[in-house]
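Step one of this worksheet: look at the structure below.
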Amino acid sequence: ACLLYNYGSVYLPRVETVGEEDLYFVLRDKQNESGAAELVKKGIAHTKGGNQVYATKCFNLALKLAPKCVDAFVGRGAAYFNLEQFEKAESDFRAAYLMQRDHPNALQYLKATHKKLLESNPYAKIAPIDFKMGKSGGDDEVERDRSRGRDRGSQSRGRGEDEYGHGQGGRGRKRSVSSDDSCDSDEIERLRAKLGKDKKRRKRDKKEKKEKKEKKEK
């Protein structure tokens, strides 16, 4: 409700007083958010242009200005993904998702990164995410989950492409990211088991080919 003060025949709205110090911080935060948004745009442009290192620098600066800029986390994660630094990418996508659970890309990229980590090492330690929680998490939740997810396996190759430049670069290949790539605990274990069997089968096939080749040479 708007409170009005009566000054004769003129009614003036009541305005809450803001101290100079508070006003300074409000304006500074607004300016930082605006600056971060511009840096995110530049970072995405660098990512799409294949300049992943410059892109990460832009996203780092954006996060210095606005530490809770979700798009900067997503953008930097995409750049790390393109650099095949999947552990760092996972950490950024996880942070973005926990800060804004309804973000259109954070969860999708997180799932794709989990799949990449498991393709490289089926026994990689990946902290699952509780999808039953609310749309956004607090700072404690973000930091807790990021620290839980730092112990990862090694990296592998793969590409995808979208407005963040996720997967951009390499030989121009595009990798579609499926929403079926899941990162809850049950799906992680199922994917881990499947990839483990595939790896054993490839190893067995390679051994059989080698034995056949040796027999022919004899």
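FYI, the numbering for the sequence shown is 4 to 221, going by my numbering.
In this text, a Cβ means the ideal position worked out from N, Cα and C, and glycines have one as well.
Residue range of the alpha helix (DSSP H) that includes residue 128: As a working note, residue 128 is residue 125 in the sequence shown. Counting along the chain, residue 128 falls outside any alpha helix (DSSP H), and DSSP gives it neither H nor E.
Taking the beta carbon of residue 31 as the centre, do at least 16 other beta carbons fall within 10 Å, making it buried, or is it exposed? Here residue 31 corresponds to residue number 28 of the sequence shown, with the count starting at 1. So residue 31 ends up on the exposed side.
Apart from the five residues on each side of it in sequence, which residues of its chain come closer than 6 Å, Cβ to Cβ, to residue 43? To locate residue 43, count along the sequence shown from 1; it is residue 40. These residues qualify, in order along the chain: 65, 74, 75, 78.
Using the Cα positions of residue 219 and residue 204, report the straight-line distance between them to the nearest angstrom. For the purposes of this step, residue 219 is identified with residue 216 of the sequence shown, where counting begins at 1. For the purposes of this step, residue 204 is identified with residue 201 of the sequence shown, where counting begins at 1. Cα to Cα, residue 219 sits roughly 23 Å from residue 204.
Neighbourhood of residue 152 by C-beta distance below 8 Å, restricted to the same chain and skipping five residues each side: The residue labelled residue 152 in the question sits at position 149 within the sequence shown. Low local confidence applies: a pLDDT of 46 at residue 152 is under 50, so the model's placement there is unreliable, with the coordinate-based value given in what follows. Answer for residue 152: 93, 94, 97, 129, 130, listed in chain order.
Run the CB neighbour count on residue 28, radius 10 Å, all protein chains shown included, and call it buried at 16 or more, exposed below. Here the question's residue 28 lines up with position 25 in the sequence shown. Classification of residue 28: exposed, given that the 10 Å Cβ count is below 16.
Compare the Cα-Cα distances from residue 196 to each of 206, 121, 212 and report the closest residue. Taking the sequence shown and counting its residues from 1, the one referred to as residue 196 is at position 193. The shortest C-alpha separation from residue 196 is found at 121.
Which residue marks the beginning of the alpha helix (DSSP H) containing residue 69, and which one marks its end? Within the sequence shown, the letter at position 66 stands for residue 69. Here residue 69 belongs to no alpha helix (DSSP H), and DSSP marks it neither H nor E.
Could you name the residues of the same chain whose beta carbon sits closer than 8 Å to that of residue 68, not counting the 5 residues immediately before and after it, in chain order? One-based indexing of the sequence shown puts residue 68 at position 65. Once the five neighbours on either side are set aside, the close Cβ partners of residue 68 are 35, 36, 38, 39, 42.
Can you round the beta-carbon distance between residue 109 and residue 82 to whole angstroms, since I take them to be within the 8 Å contact cut? Residue 109 sits at position 106 when you count from the first residue of the sequence shown. Residue 82 sits at position 79 when you count from the first residue of the sequence shown. Rounded, the Cβ-Cβ distance is 15 Å, inconsistent with contact.
Own chain partners of residue 49 with C-beta closer than 7 Å, once the 5 adjacent residues on each side are dropped: The residue labelled residue 49 in the question sits at position 46 within the sequence shown. Within the same chain, residue 49 has close Cβ partners 57, 58, 61.
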